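Numbering (this note's numbering), first residue to last: 48 to 318.
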């Protein structure tokens, strides 16, 4: 008795496999280079792959690879609105999931998780995309009405926009000498949605703490003004968390390289 696989007898399957031409197999594995030429993936790491995984250029810094395919990506609402919706990879179909909560990458089938949390990086393989920090800011109208806080202790008399699940919840972290100390704020609004907090901050409702990339354009255009800059205490990094660092697909590598280039454009910490 002949065993079957996927509904075909094994000899039939062998004949069908033989009919697959080398050309068709190579075509499905070809990588589009920035210059428009194609090169087959022969199992050896190329410049894009090396730079994607190590963060170091191989000879020279390559441009983001152009691939065709789909990728399931998870990112926070703030990173989605500030980066992903502005920088879509032209050759990849991104299945975007937006959430700030914990997730099981393997169970949910997530290829790349853009994370701002050090905990995710320590628990799973990750590739650093960029440095980032947090800023406290307010609208010019709010500061004109209530004054500019000189030290973190002044937060008690200021209206605070509290971000659930962010570093700026009920107490906000600031440098106190060489240590980090948390200071309470007078809460006037709270949300787990960074875009809602940012909108109310621009409208002048109170002080808000944000990832620098989230409000970089507002700061550049003068809609918001940073305060307490000498007391910044949240220098961190943006990471691409993956299922397996050593066995990433070309699609995943290309997307990570593309995101690294996108993050390089952000005013992370120097807004």
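Every residue, glycine too, gets a C-beta built ideally from N, C-alpha and C. Since we're looking at a predicted model, the values are computed, not measured.
task: Please go through the same chain and pick out, in chain order, the residues whose beta-carbon is closer than 8 Å to the beta-carbon of residue 173, but skip the five residues on each side of it.
output: Indexing the chain shown from 1 puts residue 173 at position 126. Taken in chain order, the residues that qualify are 162, 167, 286, 287, 288, 289 and 292.
field: Classification of residue 189 by the beta-carbon crowding that lies within 10 angstroms, buried from 16 upward
entry: The residue you call residue 189 lines up with position 142 of the chain shown. So residue 189 counts as buried.
query: Beta carbon of residue 179, beta carbon of residue 258: below 9 Å?
result: Here residue 179 is taken as the residue at index 132 of the chain shown, counted from 1. Here residue 258 is taken as the residue at index 211 of the chain shown, counted from 1. Result yes, Cβ atoms of residue 179 and residue 258 sit closer than 9 Å.
- request: Taking only the alpha-carbon atoms, compute the straight-line gap between residue 214 and residue 256 and give it to the nearest angstrom.
  value: One-based indexing of the chain shown puts residue 214 at position 167. One-based indexing of the chain shown puts residue 256 at position 209. Their Cα atoms are separated by approximately 8 Å.
message: On the criterion of 16 or more Cβ atoms from any shown chain inside 10 Å, does residue 304 qualify as buried, or is it exposed?
response: Taking the first residue of the chain shown as 1, we reach residue 304 at position 257. Result: buried.
- prompt: residue 307 and residue 176 look like a contact to me (Cβ under 8 Å); what is the Cβ gap, rounded to whole Å?
  reply: For the purposes of this step, residue 307 is taken as residue 260 along the chain shown, with counting starting at 1. For the purposes of this step, residue 176 is taken as residue 129 along the chain shown, with counting starting at 1. With 8 Å as the limit, residue 307 and residue 176 qualify as a contact, their Cβ atoms being about 5 Å apart.
query: How do the segment 145–160 and the segment 123–133 stand: do at least 3 beta-carbon pairs fall below 8 Å, yes or no?
result: Taking 8 Å as the limit for Cβ pairs, the verdict is that the segment 123–133 does touch the segment 145–160.
Own chain partners of residue 206 with C-beta closer than 7 Å, once the 5 adjacent residues on each side are dropped: Position 159 of the chain shown, counted from the first residue, corresponds to residue 206. Closer than 7 Å at Cβ, skipping near neighbours: 233, 235, 252, 253 and 254.
task: State the start and end residues of the unbroken alpha helix (DSSP H) segment that holds residue 262.
output: For the purposes of this step, residue 262 is taken as the residue at position 215 of the chain shown. Here the alpha helix (DSSP H) through residue 262 covers 259–268.
query: Where are the alpha helix (DSSP H) runs, 4 residues long or more, that stay fully inside the segment 227–314, in chain order?
result: 241–249, 259–268 and 297–311, all fully within the segment 227–314.
- request: Return the chain-ordered ranges of every beta strand (DSSP E) run that is complete within the segment 119–188 and spans a minimum of 3 residues.
  value: Qualifying beta strand (DSSP E) stretches, in chain order: 139–145, 159–162, 173–179 and 181–185.
message: For residue 199, tell me which candidate among 210, 262, 227 and 120 has the shortest Cα-Cα distance.
response: Position 152 of the chain shown, counted from the start, is the residue given in the question as residue 199. Of the candidates 210, 262, 227 and 120, the one whose C-alpha sits nearest the C-alpha of residue 199 is 227.
Closest residue to residue 141 among 224, 298 and 312 (Cα-Cα distance): Reading the chain shown from its first residue, position 94 is the one you call residue 141. That would be 298, whose Cα lies nearest to the Cα of residue 141.
query: In three-state DSSP terms, what is residue 196?
result: As a first step, residue 196 must be located in the chain shown, where it is residue number 149. In the structure shown, residue 196 falls within a coil segment according to DSSP collapsed to helix, strand and coil.
- request: Determine, using beta carbons only, whether residue 280 and residue 181 come nearer to each other than 9 Å.
  value: Taking the chain shown and counting its residues from 1, the one referred to as residue 280 is at position 233. Taking the chain shown and counting its residues from 1, the one referred to as residue 181 is at position 134. It is a contact, given that the beta carbons lie within the stated cut-off.
message: What does the Cβ neighbour count give for residue 157, buried or exposed, with the cut at 16 atoms within 10 Å?
response: Counting from 1 along the chain shown, the entry for residue 157 is found at position 110. Buried is the call here.
query: Looking at the unbroken beta strand (DSSP E) that takes in residue 43, where does it start and where does it end?
result: A question about residue 43 goes unanswered here, because the residues of the chain that appear run from 48 up to 318.
field: Span separating the alpha-carbon of residue 278 from that of residue 184
entry: The residue given as residue 278 occupies position 231 in the chain shown. The residue given as residue 184 occupies position 137 in the chain shown. Rounded to the nearest angstrom, the two C-alpha atoms are 13 Å apart.
message: Given a cut-off of 9 Å on the beta-carbon distance, is the pair residue 221 and residue 275 in contact?
response: The residue you call residue 221 lines up with position 174 of the chain shown. The residue you call residue 275 lines up with position 228 of the chain shown. Yes, they are a contact pair.
task: Quick one: give me the first and last residue of the beta strand (DSSP E) that residue 208 is part of.
output: Sequence index remark: in the chain shown, residue 208 carries index 161 (1-based). Unbroken beta strand (DSSP E) run through residue 208: 206–210.
message: Using a Cβ-Cβ cutoff of less than 7 Å, which residues in the same chain neighbour residue 237 once the five nearest sequence positions on both sides are dropped?
response: Translated into the one-based positions of the chain shown, residue 237 becomes position 190. 209 and 211, listed in sequence order.
- prompt: Mind checking residue 197: buried by the 16 CB within 10 Å criterion, or exposed?
  reply: For the purposes of this step, residue 197 is taken as the residue at position 150 of the chain shown. So residue 197 ends up on the exposed side.
- prompt: If you check the beta carbons only, do residue 128 and residue 263 fall under 9 Å apart?
  reply: Locating residue 128 in the chain shown gives position 81, where the first residue counts as 1. Locating residue 263 in the chain shown gives position 216, where the first residue counts as 1. In this structure, residue 263 does not lie closer than 9 Å to residue 128 by Cβ.
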